[in-house]
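Student: Be aware that the sequence shown starts at 429, since it is given in the working numbering, and climbs by one per residue. Positions of the beta carbon are idealized from the N, C-alpha and C atoms, including for glycine. The structure that follows is given in the form of structure tokens.
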Amino acid sequence: MSEKQMKEAFVSNLNGTTVLEITQGLCFPAFCILCRGFLIIFSQYLCSFSHTWKTRFFIDFVVLIVPMVATLTIWASFILLELLGVIIFGAGLLYQIYRRRTCYARLPFLKILEKFLNISLESECIPAISCFRVITSAFTAIAILAVDFPLFPRRFAKTELYGTGAMDFGVGGFVFGSAMVCLEVRRRKYMEGSKLRYFTNSLYSVWPLVFLGIGRLAIIKSIGYQEHLTEYGVHWNFFFTIIVVKLITPLLLIIFPLNKSWIIALSITILYQLALD
């Protein structure tokens with residue numbers, strides 16, 4: 429068996445892990461982001477240089493990136509303990525922040541919570557969406573780089589035919605994240621006017637993905653990199669999948685009204701699940 433075949437066999441015939449473990453792993457970055465926010469607020473009480481970009485970068489790297497790398501590699505068997513540890517750490521930071529609040533903010537905790545729940549955000553800038561996309565990008569980058577090494581648990585890699593692996597979240601996460609910030613959602617007037625112009629604009633927007641998809645295909649074939657054929661086939665890749673999604677979406681929105689798009693989404697989901705069964 430050649431080295432290329434050995435590498436292909438290393439990422440083949442995998443059945444994934446439990447949905448519970450994947451859920452725990454996906455919840456972990458969300459609590460890390462909460463801890464990051466609490467840590468930045470708490471650091472403002474302790475030192476004066478907490479607003480510099482170097483400090484923010486260091487906090488982001490230590491609190492967000494390092495735990496994600498560890499969760500997908502050396503600490504993969506202790507996800508639940510890591511999750512509990514982050515929750516306890518965040519609760520401790522929140523308690524310290526609450527204790528150190530100034531006299532101008534000495535309100536009962538329930539009153540503070542009520543004010544927090546009533547906060548409204550501008551539709552053009554929703555931090556939760558940015559956080560989701562950052563987590564998805566970071567998770568995907570770490571997993572893609574680590575999957576070829578034994579340190580990355582095989583149960584987290586993409587499954588062969590059946591089962592659920594952590595890396596199976598990648599494509600769906602990118603599609604979902606792109607849908608939340610697409611022009612159809614952010615600017616509804618984008619769809620008004622000529623339908624042909626709307627589709628032409630959508631067609632023009634995918635050219636970077638075409639460039640990336642063809643470039644990746646050419647590089648993989650030229651260097652003889654190992655390929656997992658049951659994942660995408662001989663010539664297909666992730667970028668081509670995104671291209672198809674971005675082209676089918678405007679076609680469906682041209683045919684069906686935007687306020688009925690949830691029916692289309694639900695129908696596609698049901699048909700997809702039936703096809704899998």
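Buried or exposed for F560, going by 16 or more other Cβ atoms inside 10 Å?
Tutor: buried
Student: Thinking just about the alpha-carbon of each residue, which of I651, Q701, E612 is nearest to the one in L675?
Tutor: E612
Student: Tell me which residues share the same chain as V497 and place their Cβ nearer than 7 Å to its Cβ, disregarding the 5 neighbours each side in the sequence.
Tutor: I570
Student: Determine whether the beta carbon atoms of C463 and G518 lie at a separation below 7 Å.
Tutor: yes
Student: Go ahead and pull the three-state DSSP assignment for G520.
Tutor: helix
Student: From L681 to G661, what distance separates their C-alpha atoms?
Tutor: 29 Å
Student: Considering M496, what are the terminal residues of the alpha helix (DSSP H) in which it resides?
Tutor: 494-499
Student: Going by DSSP in three states, G605 sits in which element: helix, strand or coil?
Tutor: helix
Student: By DSSP, does G465 sit in helix, in strand, or in coil?
Tutor: For G465, the three-state secondary structure derived from DSSP is helix.
Student: Can you tell me the Cα-Cα spacing of V673 and F567, whole angstroms?
Tutor: 21 Å
Student: With a CB to CB cut of under 6 Å and the five nearest residues on each side skipped, what residues in its chain are close to P495?
Tutor: C460
Student: In the structure shown, what three-state DSSP assignment does T669 receive?
Tutor: helix
Student: At which residues does the alpha helix (DSSP H) containing V662 begin and terminate?
Tutor: Unbroken run through V662: none, as it is neither H nor E.
Student: Looking at the secondary structure, which residues open and close the alpha helix (DSSP H) in which V638 lies?
Tutor: 635-651
Student: Would you please verify whether the beta carbon of F604 is less than 7 Å from any beta carbon of chain D?
Tutor: Of the protein chains in the structure, only one exists, and it is not chain D.
Student: Have a look at R644, I648, F584 and flag the residue whose alpha-carbon is nearest the alpha-carbon of T451.
Tutor: Nearest option by C-alpha distance: F584.
Student: Pull up the CB-CB distance for F627 and P678, whole angstroms please, since I reckon it's below 8 Å.
Tutor: 5 Å
Student: Residues in the same chain with beta-carbon distance under 6 Å from P581, minus the five sequence neighbours each way, listed in chain order, please.
Tutor: A504
Student: Mind checking whether L500 and A607 have CB atoms under 7 Å apart?
Tutor: By the CB criterion at 7 Å, L500 and A607 fall outside the cutoff.
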